[in-house]
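Just below is one structure, and these are the notes that go with it.
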Amino acid sequence: MKNKVITGLLGFLVVLGMATPALADDKVNTTTINEDNAKGSVNSTLVTSNINSSFTMSIPATAAIVYGIEDSNIGNFSVYGNLTPQQSVNVTVSHEAFVNKNDKDATLPYTVTDGSGNELSNLTYDAQSIKDHLATPVHVRISKADWQVAHAGQYTGSITFTATLSNKN
Amino acid sequence: MTLKRFLKILTIACFAVLLYMPMHKAWAGETVSSSVTITAVVPEKYTVALDIEGQGAVEVNGVTYDKSTKIQGRGAEDYKITAAKGYKIASVMYGKGNNYRPVALNEKQEYKAPTVSEDGNKLKVVFEKPKMIEAVKAEVVKPHYLVMSVVFAALVGLIVLL
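Going down the list, the sequences are from chains A and B.
Here the working numbering is used: the first residue of the first sequence is 161, the next is one more, and so on.
Here the working numbering is used: the first residue of the second sequence is 533, the next is one more, and so on.
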């Protein structure tokens, strides 16, 4: 009986570990990083906090672009967390070209924009923008000419959001 | 508990911990990346017939046609229709077989065709001279007849008086 209980508990742990990724919203992918301020106190007059800064990066989920559409909104990018006023989350946005599944040499060029014609490359979120629930729209822009000359087939690409929690200088 | 059973449980526990660990923790200053996969399907090209009646032109993918012809399209093309001077667009039809039917243009006089998956679709555009021009002509002519009638009546009246 004891063994069954232990096995059951461990099984539950396995299931818990596997189920955690599904807790995210279906429409977004999230990544959370935490800061552990494990710095030693300088002297006894300083008041230190045990609450660590952390943030959650929310990016659009997998998106299917409809043929012929020049500007497609695939969702929003946002950051949540408990940053201090001296901290910021710096995000770089990069993308890999659309590649034809059956012909690796056939590509479909596109740009990632904020929907207002500005290309998304670097974003900065600080405590205030997080408090203001700042959301940046993410658009995929493919010109009509590029659609027309593209080889037929299925294309896959990716947009990568790279975030770093840092202290402002 | 035998050693074998203990190792078995330990393996399961390690597996569970390894599964859970990568989900959350990272140190400040560490770079974290997350990607979104995007997909798109570009359809094959198919033959679409352009049937143009009357005076006017159809622009497709930057090329203007003023005579009936066949083009290579993927559907989802924008057909911009322009009537020649003195003509108007009488009708626009698009489709194939039972789906060949009148279609509406947008405010830019364009028709956005749906995605097709076979040859044989046809876009037929009929341009014609507007009947309003005839009506306007008739209205313009009417006063002329009126003046002539008055002059004629005056002449008859003058002859009678004489």
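Where a beta carbon is used, it is the ideal one built from N, C-alpha and C, also for glycine.
The DSSP assignment places 214-220, 223-225 and 231-241 as complete runs of the beta strand (DSSP E) inside the segment 207-252 of chain A, in order along the chain (cut-off: 3 residues).
In this structure, DSSP gives N630(B) a helical state, which the three-state scheme calls helix.
The alpha-carbon separation between R301(A) and I584(B) amounts to approximately 34 Å. Your pair H255(A) and T320(A) checks out as a contact, with CB atoms roughly 7 Å apart and the cut at 8 Å. Between S649(B) and chain A, the shortest Cβ-Cβ separation is not below 8 Å. Within chain B, the residues placing a beta-carbon under 9 Å from that of Q314(A) are T571, A572, V573 and V574, ordered along the chain.
Beyond the five residues adjoining it in sequence on each side, Q604(B) comes within less than 6 Å, by CB distance, of K577 in the same chain, given in chain order. Just measuring C-alpha positions, the residue of T244(A), G228(A) and F237(A) sitting nearest V309(A) is G228(A).
DSSP, read as helix, strand or coil, puts S318(A) in strand. The beta carbon of L268(A) falls within 8 Å of a beta carbon belonging to chain B, placing the residue at that interface. At least 8 Å separates the beta-carbon of L243(A) from that of V251(A).
Straight-line measurement puts the Cα of L539(B) at about 10 Å from the Cα of A545(B). Residues of the segment 219-233 of chain A with a C-beta less than 7 Å from any C-beta of chain B: I219, P220, A221, T222, A223, A224, I225, Y227 and G228, listed in chain order. Under the three-state reduction of DSSP, K640(B) is assigned to coil, being neither helix nor strand.
Under a 10 Å Cβ-count criterion, Q314(A) is classified as exposed, with fewer than 16 other Cβ atoms of the shown protein chains found around its own Cβ.
For chain B, the residues of the segment 291-325 of chain A that bring a beta carbon within less than 9 Å of one of its beta carbons are V298, V300, I302, K304, A305, W307, Q308, A310, H311, A312, G313, Q314, Y315, T316, G317, S318, I319, T320, F321, T322, A323, T324 and L325, in chain order. S623(B) places its beta carbon 8 Å or farther from that of P575(B). Residues Y227 and G228 of the same chain have their beta carbon placed closer than 7 Å to that of W307(A), with the five preceding and five following residues left out of the count.
Separation of E591(B) and A224(A) (C-alpha to C-alpha, rounded to the nearest whole angstrom) is 29 Å.
Not a single C-beta of chain A is nearer than 8 Å to the C-beta of K640(B).
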